[in-house]
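Numbering of the sequence shown is given in our numbering, commencing with residue -14 and proceeding in unit increments.
The beta carbon of each residue, even a glycine, is placed where N, CA and C say it ideally should be.
Notes to accompany the following structure.
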Amino acid sequence: MSTMEYKKYIATIDYSHDDKCFYGKLAMIDDLVTFEATNVAELESNFKNSVNDYIQTCEDLNRKPQKTYKGSFNLRIDPQLPQKYL
C-alpha cells in the first residue's frame, strides 16, 4: 500500500489486478472520499480533484471539512497509578 498527500489530506493507494486500475481513498477521516485511475499521472490528478471536490462539497453543505487525525492520543494519569502495578 502506498500513500499520497495533498492539502494535508493523506490517501491510501492500492492496485486491483482484476480491474487493472489504481484506487485510493482519503485516510484518517470519517467521510468516504474515493478515486481511481489507470495510470499514475491520472491517479495524482484524480486524487487532487477528489480532495478539492470534498472541500467544496463541505462548503456547499455549510459544514467544515474533517481534518486528518494526528495519530497521537495524550492522556494524563495520576502519577501514583503506575506505582500500584509495578
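Around the C-beta of residue 17, fewer than 16 other C-beta atoms lie within 10 Å, and the residue is accordingly described as exposed. Taking all protein chains shown into account, residue -4 has 16 or more neighbouring C-beta atoms within 10 Å of its C-beta and is therefore buried. For the stretch -10 to 47, the continuous beta strand (DSSP E) assignments of 3+ residues that do not extend past its boundaries occur at -6 to 1, 6 to 12 and 19 to 22, in sequence order.
For a cut-off of 8 Å, the C-beta gap from residue -2 to residue 7 is around 6 Å, short enough to register as a contact.
A direct Cα-to-Cα measurement between residue 68 and residue -7 gives close to 40 Å. In this structure, the CA atom of residue 47 is about 29 Å from the CA atom of residue -12. Sequence-distant partners of residue 0 (beyond 5 residues in either direction) whose C-beta falls short of 6 Å from its own C-beta, in its chain, are 7.
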